[in-house]
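Quick notes on the structure that follows.
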Amino acid sequence: MPRMTNPKSPSGRRLLGFHLRTWALLIALIALGGTALALDLAFEGRVHDALWRLTGETDPGGQIVGLGQYLARWTRVQPQTEPFAEIAHTDVNPFGVNTFLEQEVELSKREEQMRLISQAGFGWIRQQFPWEDIEIDGKGDFIDRRHDRDGDGLPDAISAWEKYDTIVDLAEQYGVRIIARLSAPPDWAQSPDVTGDFAPPADLQDFVDYAAAVAGRYRGRIAHYQVWNEPNLYPEWGDQTVSAEAYTEMLCRTHDALKAIDPQIVIITGALGPTIDLSGRNAYDLLYLQRMYQAGAGACFDVLSVQGYGLWSGPTDRRLRQTTINYPRHLWIRDMMIANGDAHKPIWISEAGWNPVPDDPSIADWEQYGRVTMDEAAAWAPLAYARAIEEWPWIGVINYWFFKRADDSERGASWYYFRMIEPDFTLTPVYESLKAYITGTQPKTIGAGRHSTRVHAIREPADSGETRTFRIKGTNAALCHAALDAPVTVRVQIDAEEARAVALPPGEAGCASLAGGLSTGTHTLALTAPDWTGLDDLIVLDFSARRRLPWVLTGAVALIGVAAIAIYAYAVRWGL
57 MPRMTNPKSP
67 SGRRLLGFHL
77 RTWALLIALI
87 ALGGTALALD
97 LAFEGRVHDA
107 LWRLTGETDP
117 GGQIVGLGQY
127 LARWTRVQPQ
137 TEPFAEIAHT
147 DVNPFGVNTF
157 LEQEVELSKR
167 EEQMRLISQA
177 GFGWIRQQFP
187 WEDIEIDGKG
197 DFIDRRHDRD
207 GDGLPDAISA
217 WEKYDTIVDL
227 AEQYGVRIIA
237 RLSAPPDWAQ
247 SPDVTGDFAP
257 PADLQDFVDY
267 AAAVAGRYRG
277 RIAHYQVWNE
287 PNLYPEWGDQ
297 TVSAEAYTEM
307 LCRTHDALKA
317 IDPQIVIITG
327 ALGPTIDLSG
337 RNAYDLLYLQ
347 RMYQAGAGAC
357 FDVLSVQGYG
367 LWSGPTDRRL
377 RQTTINYPRH
387 LWIRDMMIAN
397 GDAHKPIWIS
407 EAGWNPVPDD
417 PSIADWEQYG
427 RVTMDEAAAW
437 APLAYARAIE
447 EWPWIGVINY
457 WFFKRADDSE
467 RGASWYYFRM
477 IEPDFTLTPV
487 YESLKAYITG
497 TQPKTIGAGR
507 HSTRVHAIRE
517 PADSGETRTF
527 RIKGTNAALC
537 HAALDAPVTV
547 RVQIDAEEAR
557 AVALPPGEAG
567 CASLAGGLST
577 GTHTLALTAP
587 DWTGLDDLIV
597 LDFSARRRLP
607 WVLTGAVALI
617 GVAAIAIYAY
627 AVRWGL
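Sequential numbering from 57 applies to the sequence shown in our numbering.
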């Protein structure tokens, strides 16, 4: 009977103990995989889409680098955001836009802007009330003597408040709320020792008095005031070293003065500009904020404001590094707020957007703010709002930068191209895309976190009260309520399932489960209540990842097992 023997390995050269045929097969497989990946990225296939959703990059090279940066994210401690905290000032229309209405000479053009803003569904304008345009020639002097209005060759005196009165009137007429930005000091208030048009005043009390004059005049009509802008960036603090301590003094003194006029006034910090610069000309935003807290700023604001520019990557970018400036950078700001005991305060984004600046290097600061196509800017703007609404319940208002300039004299500057409509009122695709998203008939999707029941819902009258329909992305939902005087029965319907009643007892505040064990994905949740008073928050939880984990681990183990068997069989076959 013949003996069983292992087949002899074929003769030939070897490299690192493996036959050259093995290396050839490996190289061929790598080449095949690389070609498939290159084709997918070039023709924007599934891998391209997946990398876009992780990195916000559209260029294949940027996507590959971005993937590595995204994976490296998990080697670091991630920011704490406490999405289930009770957060004030988030029960608001989240859609805002920056305006320069004071630059429009003709009242009809101011009104046309307000009409278009309201028609697009924006609930807010962030409008400058420039100090230099209100208290022009001296302290307590609110008369404008700069223009000859009747053609007699002599300047005419009118109230400097006049144009701002019309802006407030128009906002009320069109149902739009105002965030009044207080900044831009007049020459008379600035120190001769500090140059720069935006430098803080020599005497902070002059600024406080101007802010109080604005708040007093519009008491009960404007409730939200922003104290300065980008105090950590040049040139907003003049030609001097920026100072978190000096800005905190300005903030706190203004806070106290405005709250004395009306305790309901909401104080918003000057928007922190994203930067990692430590030169003193600019200040690293995270370090600057911590210094503000150490100087006592936590007691002097209701809303923390940041800038939310995407610059070179899109709104889907999920890379999180403290040295990366991208759309989700504010998560690090949120982390610092929580560390300083401010989990209950929101972040409002003062300026956000992507710049469709033309491909023209002669434009000043051509690529300073990033550069995208108009189609990209139009597509990304709604995605930016959608991501914030779904993922970041601590975000209140996001103000797009910006609506319109009065003329096109600044076309030589790159920042001009952020505009949403042209000076002649021609609408850009950005305006059209945002209008379509904001005014859409479907509720905006909300994800894991605590969300106000006053927003992101479609409201409809019902026989037994009012129905609010939400679109949730999660597996569980609960309704949180204040202490109720009497029991309340809420009718709950999920997707097309049969409706059921959930009873909320009187007495202590609490949360009642509405749904659990839902399938992965989005669901329609319709709630009908006879009276929504006290039914404040909707909590969404998402355990989809927990469900997928066993399958992922099983698949990984199976893949490793198959690979090990294949390698062993190959090694036995060829005697390796």
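Positions of the beta carbon are idealized from the N, C-alpha and C atoms, including for glycine.
Are the beta-carbon atoms belonging to residue i and residue j less than 7 Å from one another?
i	j	result
Ile691	Gln183	No statement about residue 691 is possible, as the shown extent of the chain runs from 57 to 632 and does not include it.
Tyr441	Ser470	no
Ala533	Ala571	yes
Thr297	Gly329	no
Asp312	Arg275	no
Thr501	Lys460	no
Ala434	Pro485	yes
Pro371	Trp436	yes
Ala236	Gln246	no
Pro412	Tyr493	no
Ile324	Gln282	yes
Pro291	Gly326	no
Ala538	Arg547	no
Glu160	Ser369	no
Trp187	Tyr266	yes
Gly521	Pro586	yes
Tyr230	Ser174	yes
On the premise that residue j lies in contact with residue i, defined as a C-beta separation below 8 Å, what is that separation, rounded to the nearest angstrom?
i	j	result
Leu594	Leu540	Contact doesn't hold; Cβ gap of about 16 Å is too wide.
Thr137	Leu123	Contact flag wrong, Cβ pair sits at about 23 Å.
Ala408	Asn455	7 Å
Ala462	Phe185	Not confirmed; about 17 Å, so no contact.
Pro402	Ile451	7 Å
Tyr344	Asn288	4 Å
Leu574	Thr545	About 22 Å separates the two Cβ atoms, so there is no contact after all.
Arg166	Thr222	7 Å
Let me check one thing: in DSSP terms, what residues is residue i bridge-paired to?
i	result
Tyr281	Ala236, Ile323
Phe599	Answer is none; Phe599 lacks a bridge partner.
Thr584	Thr523, Arg547
Gly566	His537
Glu162	Partner(s): none; Glu162 has no beta bridge.
Pro257	Gln246
Gly505	Val596
Leu20	Since the displayed the chain opens at 57 and closes at 632, residue 20 lies outside it and no answer follows.
Trp368	Looking at the DSSP assignment, Trp368 forms no beta bridge with any residue, so it has no partner.
On the CB-based measure, 16 or more other CB atoms within 10 Å of its CB, does residue i come out buried or exposed?
i	result
Val264	buried
Val633	This structure cannot settle anything about residue 633, because the visible part of the chain is limited to 57 through 632.
Met57	Bear in mind that a pLDDT of 48 at Met57, under 50, signals an unreliable position, so the number given afterwards is only what the model happens to contain. Counting Cβ neighbours within 10 Å, Met57 comes out exposed, since fewer than 16 surround it.
Thr121	The question names Thr, yet the displayed sequence has Val at residue 121. Burial call: exposed.
Gly563	exposed
Ile616	exposed
Val232	buried
Ala552	exposed
Asp206	exposed
Pro139	buried
His203	exposed
Val613	exposed
Arg515	exposed
Ser465	exposed
Glu554	exposed
Leu367	buried
Arg277	exposed
Helix, strand or coil for residue i per DSSP?
i	result
Cys642	Nothing about residue 642 can be read from this structure; the chain reaches only from 57 to 632.
Ala557	strand
Phe140	coil
Val264	helix
Tyr487	helix
Val453	strand
Lys219	helix
Ile173	helix
Ala469	strand
Pro499	coil
Glu516	strand
Gly617	helix
Glu407	strand
Leu328	strand
Ser65	Note that Ser65 scores 47 on pLDDT, short of 50, meaning its location in the model is unreliable and no value can be drawn from it.
Ile214	strand
His400	coil
Leu591	strand
Val428	coil
Within the present structure, is the beta-carbon of residue i separated from the nearest heavy atom of the ligand SAM by less than 6 Å?
i	result
Ile173	Ligands in the displayed structure: none, and consequently the ligand SAM is not present.
I'd like to know if residue i contacts chain C, where contact means its C-beta is closer than 7 Å to some C-beta of that chain.
i	result
Trp404	No chain C is part of this structure, which consists of one protein chain only.
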